[in-house]
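Engineer: In the working numbering, the protein residues as written are 3 to 157.
#1: Per the contact definition of three or more C-beta pairs closer than 8 Å, is the region 115-125 in contact with the region 73-85?
#2: How big is the Cα-Cα spacing for residue 127 and residue 108?
#3: Taking three-plus beta-carbon pairs below 8 Å as touching, is the region 77-93 in contact with the region 54-66?
#4: If distances are taken between C-alpha atoms only, which option among 65, 124, 138, 120 comes closest to residue 54?
#5: What distance in whole Å lies between the Cβ atoms of residue 28 and residue 10, which are believed to be in contact at a cut-off of 8 Å?
#6: Check whether the Cβ atoms of residue 25 and residue 48 sit closer than 8 Å, and answer yes or no.
#7: Measure from the alpha carbon of residue 120 to the alpha carbon of each residue in 39, 35, 102, then state which is nearest.
#8: Report the start-end ranges of each beta strand (DSSP E) in the region 65-94 that is 3 residues or longer and not cut off at the edges.
#9: Which partner residues of residue 62 appear in the DSSP bridge assignment?
#10: Can you grab the Cα-Cα spacing for the pair residue 16 / residue 52, in whole Å?
#11: Would you kindly report the start and end of the unbroken beta strand (DSSP E) that includes residue 103?
#12: So what's residue 128 in DSSP terms, helix, strand or just coil?
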């Protein structure tokens, strides 16, 4: 969850395995076509930071959270197609935060507290691979669409 760099950089590629035309983005980009790049993306490289990408322009449609790393084909970011139209960096404020992840809706069921990066939730004692509600505390609340409490991801 910690921001790895002050500058968020992501590069989109038309072809698989980082081939074809490319679009490098630093910050918000509300419409790839305005930068001369069609909405077909088959691979992505996140150089630094983390991004919320959307399959339509103007930050609409299906959202994909992409962290630092390489995504050589669209299935790697759990997409069913190669559409991508906009993106924005996920910004963190401060370094002190805490999250409570709940197995069930309305902050019930098994709960795991996270205070640092966690690549595998089951290593922290979460028995299932499904989270349905989250509480975020401290100055590390994400600037995305989530601040404070998020109750239900199923709707």
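For each residue, glycine too, the CB sits at the ideal point set by N, CA and C. Keep in mind it's a predicted model, so treat the numbers as computed, not measured.
Structural biologist: In short:
#1: no
#2: For the purposes of this step, residue 127 is taken as residue 125 along the chain shown, with counting starting at 1. For the purposes of this step, residue 108 is taken as residue 106 along the chain shown, with counting starting at 1. So the alpha carbons of these two residues sit roughly 20 Å apart.
#3: yes
#4: For the purposes of this step, residue 54 is taken as residue 52 along the chain shown, with counting starting at 1. The option with the nearest alpha carbon to residue 54 is 65.
#5: The sequence position of residue 10 within the chain shown is 8, counting from 1. The sequence position of residue 28 within the chain shown is 26, counting from 1. Taking a contact as a CB-CB distance under 8 Å, the pair residue 10 and residue 28 counts as one, their CB atoms being some 7 Å apart.
#6: For the purposes of this step, residue 25 is taken as residue 23 along the chain shown, with counting starting at 1. For the purposes of this step, residue 48 is taken as residue 46 along the chain shown, with counting starting at 1. Going by C-beta atoms, residue 25 is not nearer than 8 Å to residue 48.
#7: Residue 120 sits at position 118 when you count from the first residue of the chain shown. Nearest of 39, 35, 102 to residue 120, Cα basis: 102.
#8: 71-73, 88-91
#9: For this step, residue 62 is matched to residue 60 along the chain shown. DSSP lists 58 as partners of residue 62.
#10: Locating residue 16 in the chain shown gives position 14, where the first residue counts as 1. Locating residue 52 in the chain shown gives position 50, where the first residue counts as 1. Whole-angstrom Cα-Cα distance: 20 Å.
#11: Position 101 of the chain shown holds residue 103. Where residue 103 is concerned, the enclosing beta strand (DSSP E) stretches over 99-106.
#12: Counting from 1 along the chain shown, the entry for residue 128 is found at position 126. Correct three-state label for residue 128: coil.
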